[in-house]
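Novice: Quick note on numbering: the sequence shown equals residues -7 to 115 in my numbering.
Got a structure for you, questions after.
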Amino acid sequence: MPIRILLDQNAPLGLRRVLSSHEVIAARELGWATLTNGDLISAAEEAGFAILVTCDRNIPYQQNLAGRHIALIELSVGAWHAVRNHLDRIVEAINAAKPGSYSVVTIPPPTLRRRRYNPSTDC
């Protein structure tokens, strides 16, 4: 049975392809891009979403999640090139989510590549 999943403004849209067996909608598509975290969670619950995927680390400190019916999954990194290497862990968190739960999928930050110094192009 498909799960209704809401992607927060900062969650990578590439997750849609991986979660194609579920109904995945981005907050901005619903006009919710400017909602604060509390309002977004309330709107998502009222709209029947079962899971909110976010990269916002402050939600558990800003919001009282007791009594909520939506599960929240926090991704520690939002960059798609880092997230795509850990999709199995995200799918696992979605499958394990229960109403009112909060879980964190810790993803190692991407390694930064340094560009070589080129005196002819650098000012």
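Glycine residues also receive a C-beta, built at the ideal position from the N, C-alpha and C atoms.
Please read these numbers as outputs of a predicted model, since none were measured by experiment.
Can you tell which of Leu44, Arg9, Glu21 has its C-alpha closest to the C-alpha of Gly30?
Specialist: Out of Leu44, Arg9, Glu21, Leu44 has the C-alpha closest to the C-alpha of Gly30.
Novice: How many Å lie between Pro101 and Arg76 at the Cα?
Specialist: When rounded, the distance between both Cα atoms is 12 Å.
Novice: Determine the extent of the beta strand (DSSP E) in which Glu66 is found, giving its start and end residues.
Specialist: Element bounds for Glu66: 63 to 67.
Novice: Going by other Cβ atoms of all chains shown within 10 Å of its Cβ, with 16 needed for buried, is Glu21 buried or exposed?
Specialist: Exposed, by the Cβ-count rule.
Novice: List the DSSP bridge partners of Glu21.
Specialist: Looking at the DSSP assignment, Glu21 forms no beta bridge with any residue, so it has no partner.
Novice: On the DSSP letters alone, give me the boundaries of the alpha helix (DSSP H) that Val32 sits inside.
Specialist: Looking at the sequence itself, residue 32 is Leu, so the reference to Val does not match. Taken as a continuous stretch (DSSP letters only), the alpha helix (DSSP H) holding Leu32 covers 29 to 38.
Novice: Count the other CB atoms, across all protein chains shown, that sit within 10 Å of the CB of Glu66; report buried if there are 16 or more and exposed otherwise.
Specialist: So Glu66 ends up on the buried side.
Novice: Here's the rule I'm using: 16 or more other beta-carbon atoms within 10 Å means buried, otherwise exposed. How should Ala3 be labelled?
Specialist: Buried, since its Cβ has 16 or more Cβ neighbours within 10 Å.
Novice: Identify whether Leu76 lies in helix, strand or coil by the three-state DSSP scheme.
Specialist: According to the sequence provided, residue 76 is Arg. The question's Leu does not apply to it. Note: Arg76 maps to helix in three-state DSSP.
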